[in-house]
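The block underneath contains the structure these notes are about, expressed in structure tokens.
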Amino acid sequence: METFDYTKAIERIKAPFPSGTVQKRGDNGRAYIPNQVYTDRVEAATGSRWSREIRDVDINIPHGYVKVVVRITIGEHFRDGIGFAEIDTDGSGRGKTVSNKIDQAVAEAVREALDTWQIGWKDLAPYYQDQKDWGKNPALRHLLLSGAPEEQHAVQSRATVEHRCIFLNCGKQLTADEWAFLGEIPSLNKNKMKYCFEHVPQHLKKRASNEVLQRYEQIFQSK
Ligand SMILES: [Zn+2]
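Encoded structure:
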């Protein structure tokens, strides 16, 4: 068996996709790349030397969500992704809904894990440069210039210092205020439960004191 070249595999993973790959969501118009495309890319780029492992499934009926942790391993390196899906608690067809929601959360977790290897970034960046989002960040400008030399280091540090909302399909980069608010919620692991203010689940928001909640609601309303 030929030796596995991790660096080469990751280069192939990060390479731009053919035009037409990026899709727009029907509900909110956000650009995305279908999961099947990602899976196919990883499969081809690594010569099948990758694995996907579901590490944790948390089905929380009372609070109406499913949380899944998925680990993707490529060569000797692994990355974890967390996916969430909200469960409708109206009663009818709940079992079916839950299994669908697990699939949905797994898909999101896989996407999040693969995202740390910058899959699809070159393709998605042009769609996000006009928004208060990551695409216009000067540190990532190289993504918009095909063939430009990549500043590996700057890009890698981004993945560790930025916090993005884990709510399904949101992915918004948290502002300093949003990040600070998460710190005000008692016994919340904010490194895992990252939400923009809009998407912090009600049951978590309620844990913060009224005083804190009012203060932050004012901050976010004034924007
Ligand atoms: Zn959000």
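If you're matching positions, the sequence shown starts at 25 in this note's numbering and goes up one per residue.
Yeah, the Cβ is synthetic: ideal placement off N, Cα and C, and Gly gets one too.
Check: Buried or exposed: which applies to Lys218, given that a residue is buried once 16 or more other Cβ atoms fall within 10 Å of its Cβ?
Finding: Counting from 1 along the sequence shown, the entry for residue 218 is found at position 194. So Lys218 ends up on the buried side.
Check: Closest to Ala39 by CA distance: which of Asn52, Tyr56, Gln47 and Val66 is it?
Finding: The residue you call residue 39 lines up with position 15 of the sequence shown. Nearest C-alpha to Ala39: Val66.
Next item on the list: Classify Lys156 as helix, strand or coil using the three-state DSSP reduction.
Entry: Residue mapping note: residue 156 aligns to position 132 of the sequence shown, counting from 1. Only weak support exists for where Lys156 lies, its pLDDT of 49 falling under 50; the coordinates are left without a value.
Notebook entry, point to check: Which residues have their C-beta within less than 5 angstroms of a heavy atom of ligand 1, listed in chain order?
Noted result: Applying a distance threshold of 5 angstroms between residue Cβ atoms and the heavy atoms of ligand 1 selects Cys189, Phe191, Cys194, Lys196, Cys220 and His223, given in chain order.
Check: Apart from the five residues on each side of it in sequence, which residues of its chain come closer than 7 angstroms, Cβ to Cβ, to Ala183?
Finding: Position 159 of the sequence shown holds residue 183. Any reading at Ala183 must be qualified, since the residue scores a pLDDT of 35, below 50, and its modelled position is unreliable; the value itself is stated next. Cβ neighbours of Ala183 beyond the five flanking positions: Thr140.
Checklist line | C-beta atoms of Ala131 and Val93 nearer than 8 angstroms | finding: If you number the sequence shown from 1, residue 131 lands on position 107. If you number the sequence shown from 1, residue 93 lands on position 69. With respect to Val93, Ala131 sits apart: the two C-beta atoms are not nearer than 8 angstroms.
Checklist line | alpha helix (DSSP H) segment containing Asp201, residue limits | finding: Your numbering for residue 201 matches position 177 in the sequence shown. From DSSP, the alpha helix (DSSP H) with Asp201 extends over Ala200 to Gly207.
Checklist line | First and last residue of the uninterrupted beta strand (DSSP E) at Asp80 | finding: Working through the sequence shown from its first residue, we reach residue 80 at position 56. Note, Asp80: beta strand (DSSP E), Trp74 to Asn84.
Notebook entry, point to check: Based on Cα-Cα distance, which residue from Asn234, Leu237, Ala232 and Ile243 lies nearest to Thr199?
Noted result: On the sequence shown, position 175 is the one that residue 199 refers to. Among Asn234, Leu237, Ala232 and Ile243, the Cα nearest to that of Thr199 is on Ile243.
Next item on the list: Would you kindly report the start and end of the unbroken beta strand (DSSP E) that includes Ala109?
Entry: Here residue 109 refers to the residue found at position 85 when the sequence shown is read from its first residue. That run of the beta strand (DSSP E) goes His101 to Glu110.
Next item on the list: With DSSP as the reference, please indicate the residues paired to Ile98 in a beta bridge.
Entry: Taking the sequence shown and counting its residues from 1, one reaches residue 98 at position 74. Paired residues: Trp74 and His101.
Notebook entry, point to check: Roughly how many angstroms separate the alpha carbons of Phe191 and Gly107, rounded to a whole number?
Noted result: Residue 191 sits at position 167 when you count from the first residue of the sequence shown. Residue 107 sits at position 83 when you count from the first residue of the sequence shown. Our two residues, Phe191 and Gly107, have alpha carbons roughly 8 angstroms apart in a direct line.
Notebook entry, point to check: Looking at the structure shown, is Lys216 part of a helix, part of a strand, or coil, going by DSSP?
Noted result: Taking the sequence shown and counting its residues from 1, the one referred to as residue 216 is at position 192. Reduced to three states, the DSSP call for Lys216 is coil.
Item checked: Delimiting residues of the alpha helix (DSSP H) encompassing Lys38 -> Taking the first residue of the sequence shown as position 1, residue 38 is located at position 14. Element bounds for Lys38: Tyr30 to Lys38.
Item checked: Pairwise C-alpha distance: Asp64 and Gln47 -> Indexing the sequence shown from 1 puts residue 47 at position 23. Indexing the sequence shown from 1 puts residue 64 at position 40. Straight through space, the alpha carbons of Asp64 and Gln47 are spaced by roughly 16 angstroms.
Check: Cβ of Arg73 within 8 angstroms of Cβ of Gly99?
Finding: Residue 73 sits at position 49 when you count from the first residue of the sequence shown. Residue 99 sits at position 75 when you count from the first residue of the sequence shown. Arg73 is a Cβ neighbour of Gly99, given a cutoff of 8 angstroms.
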